[in-house]
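Following: one structure in structure tokens, then a few remarks.
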Amino acid sequence: MKKIVSLVLMLAMLFCVASADTFPLVTEPTTLEIACRTPANYPDQDNSKVSCMIAYEDLTGVHIEWDNIPASEFDNTLAASISADDYPGIIMKGRLAQTTANEWGDEGILIDLSPYLEECCPNFSALMEEYPDIRTAITNGEGKIYGLPQVVLAPAVRANTKIYYNTKAMEAAGYTEFPKDLASFKDYLIALKGTQYNVGLVASVDQLRNYFLGIYGLRNRGTHYDVVDVDPETHEPRIWAQSPRFRECMEYLHDLYADGLIYQELFTNGANNVSAQSGKEELGVYISTATFAITPQFMDDYDGVQFLLEGPYGDQIMSDIRSNLHSVNNFCITDRCENVELALRWVDYFYSEEGSQYFLLGVPNQDWEVKEDGSVYFTDAALATWEDTMTQDAFKAQFGMWPGGRVPAAFYDNLCGAEFDPIPRATAYAMLQYASDVIWPFFNWTLDENEVIMTVEKDIKSYITNAFAQAVAGEIEITDAWWSEFVSQIDAMGAEKLLATYKQVLGRVYPDGNY
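Going from the sequence shown to my numbering is simple: count from 1 and add 697.
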């Protein structure tokens, strides 16, 4: 009955919808209701006051009633609203799990968007045609699509973990170029130890692990999969942590840490002190996505390493690289939405190059502009609002919907700030050459498969993560006996069952076997 009522309401309102490729979208004022996750670092964010959203209402004729929900409360608040049968018409920045989306879709709560996309979302439909992995990731086994994703096409946001170095530190250490392999990299860190840039290699634990795994030929199917990849010899899925190369990787990093060549607060502060370390001119080399944490006055001292260190077996794999998606189910429409077509036309603009800039950066020539050299950056008027206490994300959140991620939009190579600053952008472009031929997209698991992922894989991932930290820190000794027990424990936790689950989904996604 709910579906019939919604269909009648939808058809009744079609008269006010204008052409899909023109603005305004309606011929008389219309309202949509959106529940939206707000970023954790500024939970009081009010989307009705964001510059691009104010202007977009004038452009489209569509008024948005925002329910701004802090990230820390979002999942529980949304679940409670579903249970109480009092949920919103549109869920934005939700990043719903595929199993949740499928469950709510089966219950008639979420609308299957697939019948509407070709007509109502020409920009997004074109992306699915050009990049088939997008369609694969968001389509369930019954051919239904319950949400729109964050698409990432720009190399700047696909290649995550990169090395940045201080050029003055390099000179102080007596080097003229960055080292190329693991042995010479250790020598370089030793040389830095004798200078003022002596805090060691700085990174978060995850960034450290992800960068070096690829150098040992591990985690070779990209960012989205932390436990399983493909054995290059057998071409079958494997748990990469059971490879002897993982042991060697941990031993190498432990040696660096034990010798004080990795920042000694790795496990407590990670990369959280980069701003202070760069400001004191102590930072020589660090691993990160971008350089925005560097103290601005010393930014010109830093450059990116535009190659991967070569591993002991000659491997150079960029293991921390995304498919063409950042996240899925960031724009879901429920049966409470009275105009599905209008909601989709409203969001589709953000998947175009022009609309992406509008949605993510703000209003052109008001909040940002194209400079004389062709680059994009914020206007003087916008920059004047950047207070000393503001992070870059808090500043940008005044104008666009980028901060916090999980956005229903496509990221093209026409943005600025963070990953799109000149050095991170150039470094990311260089890193793409080290990507594996196949990067796995998000998989749409069945309920039975997801049960294995949420239990067996989750437990194995936690076990690997803890073992890595303990091994690098020296809390456990990496002996033959310990390694044998480590590998056996993963088997005992359900490795065979997990790999069988991966073989099932890989058979569906890659029927030709080229996974």
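Beta carbons are placed, not taken as given, at the ideal position from N, Cα and C, and that holds for glycine.
All of these numbers come straight from a predicted model, not from anything done at the bench.
Answer with buried or exposed for residue i, where buried requires no fewer than 16 other C-beta atoms within 10 angstroms of its C-beta.
i: residue 1035; result: buried
i: residue 751; result: exposed
i: residue 1200; result: exposed
i: residue 1186; result: exposed
i: residue 1209; result: exposed
i: residue 746; result: exposed
i: residue 947; result: buried
i: residue 703; result: Note on residue 703: pLDDT 42, under 50, position unreliable in the model; the coordinate value appears next. Classification of residue 703: buried, given that the 10 Å Cβ count is 16 or more.
i: residue 760; result: exposed
i: residue 1051; result: exposed
i: residue 737; result: exposed
i: residue 922; result: buried
i: residue 962; result: exposed
i: residue 1263; result: With the chain represented from 698 up to 1212, any question about residue 1263 goes unanswered, as that position is not in the structure.
i: residue 994; result: exposed
i: residue 985; result: buried
i: residue 1068; result: exposed
i: residue 917; result: buried
i: residue 675; result: Residue 675 lies beyond the stretch modelled for the chain, which goes from 698 to 1212, so this question has no answer here.
i: residue 988; result: buried
i: residue 705; result: Reliability fails at residue 705, whose pLDDT of 36 lies under 50, so the model's placement of it is uncertain and no value is given.
i: residue 857; result: buried
Please state the DSSP three-state secondary structure of residue i.
i: residue 767; result: strand
i: residue 818; result: coil
i: residue 1007; result: strand
i: residue 1052; result: helix
i: residue 762; result: strand
i: residue 735; result: strand
i: residue 1143; result: coil
i: residue 730; result: strand
i: residue 1000; result: strand
i: residue 1066; result: strand
i: residue 1190; result: coil
i: residue 836; result: strand
i: residue 934; result: strand
i: residue 807; result: strand
i: residue 1121; result: helix
i: residue 879; result: helix
i: residue 1138; result: coil
i: residue 1096; result: coil
i: residue 1029; result: strand
i: residue 910; result: helix
i: residue 1039; result: helix
i: residue 723; result: strand
i: residue 842; result: strand
i: residue 1157; result: helix
i: residue 1014; result: coil
i: residue 774; result: helix
i: residue 965; result: coil
What does DSSP give as the partner residue(s) for residue i in the beta ladder?
i: residue 847; result: 1024
i: residue 860; result: 984
i: residue 1107; result: 848
i: residue 1150; result: The partner list for residue 1150 (beta bridge, DSSP) is empty, contrary to what the question assumes.
i: residue 1075; result: 1065
i: residue 927; result: 934
i: residue 898; result: 959
i: residue 789; result: 733 and 1028
With a threshold of 7 Å on Cβ separation, who are the neighbours of residue i within its own chain once the five nearest residues in sequence on each side are excluded?
i: residue 1203; result: 934 and 1212
i: residue 698; result: The predicted position of residue 698 is uncertain, since its pLDDT is 39 and thus under 50; a value taken from the coordinates is nonetheless stated next. Cβ neighbours of residue 698 beyond the five flanking positions: none.
i: residue 1147; result: 796
i: residue 1142; result: 795, 796, 1150 and 1202
i: residue 850; result: 1021, 1107, 1108 and 1109
i: residue 1179; result: 1173
i: residue 798; result: 807, 843, 844, 1026 and 1029
i: residue 1164; result: 1183
i: residue 1137; result: 918, 919, 921, 922 and 1020
Would you grab the beta carbon distance between residue i and residue j for me? Rounded to a whole angstrom, and I think it's under 8 Å.
i: residue 905; j: residue 940; result: Incorrect: roughly 18 Å between the Cβ atoms, too far for contact.
i: residue 764; j: residue 732; result: 4 Å
i: residue 983; j: residue 1120; result: Actually they do not touch by this definition, with Cβ atoms about 13 Å apart.
i: residue 1002; j: residue 1161; result: About 26 Å separates the two Cβ atoms, so there is no contact after all.
i: residue 828; j: residue 879; result: Contact flag wrong, Cβ pair sits at about 35 Å.
i: residue 1015; j: residue 1132; result: 5 Å
i: residue 870; j: residue 885; result: 7 Å
Among the residues of its own chain, which have a CB less than 8 Å from the CB of residue i, if the five just before and after it don't count?
i: residue 806; result: 779, 784, 1031 and 1032
i: residue 1027; result: 789, 790, 791, 792, 844, 845, 846, 847, 1103, 1104 and 1105
i: residue 762; result: 728, 729, 730 and 731
i: residue 812; result: none
i: residue 768; result: 734, 735, 736, 737, 740 and 1101
Which same chain residues end up closer than 6 Å to residue i when comparing Cβ atoms and leaving out the 5 residues on each side of it in sequence?
i: residue 832; result: 825
With hydrogens ignored, establish whether the beta-carbon of residue i is closer than 7 Å to any heavy atom of the ligand NAD.
i: residue 1029; result: No copy of the ligand NAD appears in this structure; indeed no ligand is present at all.
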